[in-house]
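Chemist: Numbering (this note's numbering), first residue to last: 2 to 166. Provided herewith is a single structure, encoded as structure tokens, for subsequent inquiry.
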């Protein structure tokens, strides 16, 4: 016997054992292996489909996010525009109120000045009248014969009254 060529008996029993193992594998082994391979294939195909769906959903979410961001920017611009308009209206109203208040104060000041002016004129007239009465009283008391002496007396009295007041 040689190591390279087996004997017929060994070859026969090896063939019989191989056929028995092949039959057992064919009956119980291969269907289980094929089912496992098919299940694994279906799982991989399902995972790929889910990954594709997830990619599409992510793209849709990104588009929605961009749309929401654009809408937020537009709303921000609108709010800023409204705030500026409100600010301008408030400033214009405050300016108008300030002008109205200034005009009112100016009118009141003018009226007060006119009242004080009228009061001062009344006081001056009263003082002039009083001075005239005092002068006339002093003139009447004295017996004045000439116009020159009357004028001197009037000038003297006016100087006295001007100095005292």
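Using N, Cα and C, we set each Cβ at its ideal position, and we do this for glycine too. Since the structure is predicted, the reported quantities are computational estimates derived from the model, not experimental observations.
(1) In the DSSP assignment, find the alpha helix (DSSP H) that holds residue 10 and state where it starts and stops.
(2) So, under 8 Å CB-CB, residue 139 and residue 159 are touching, yes? Tell me the CB distance rounded to an integer number of Å.
(3) If I'm right that residue 125 touches residue 155 with Cβ under 8 Å, what's the distance once you round it to whole angstroms?
(4) In this structure, how does DSSP classify residue 155 when only helix, strand and coil are distinguished?
(5) Compute the beta-carbon to beta-carbon distance between residue 132 and residue 162, rounded to the nearest angstrom, for a pair I have assumed lies under 8 Å.
Modeler: According to the data block:
(1) Start and end: 9–25.
(2) Between residue 159 and residue 139 the Cβ distance is about 11 Å, and since that is not below 8 Å, they are no contact.
(3) So it is not a contact: roughly 19 Å between Cβ atoms.
(4) helix
(5) 6 Å
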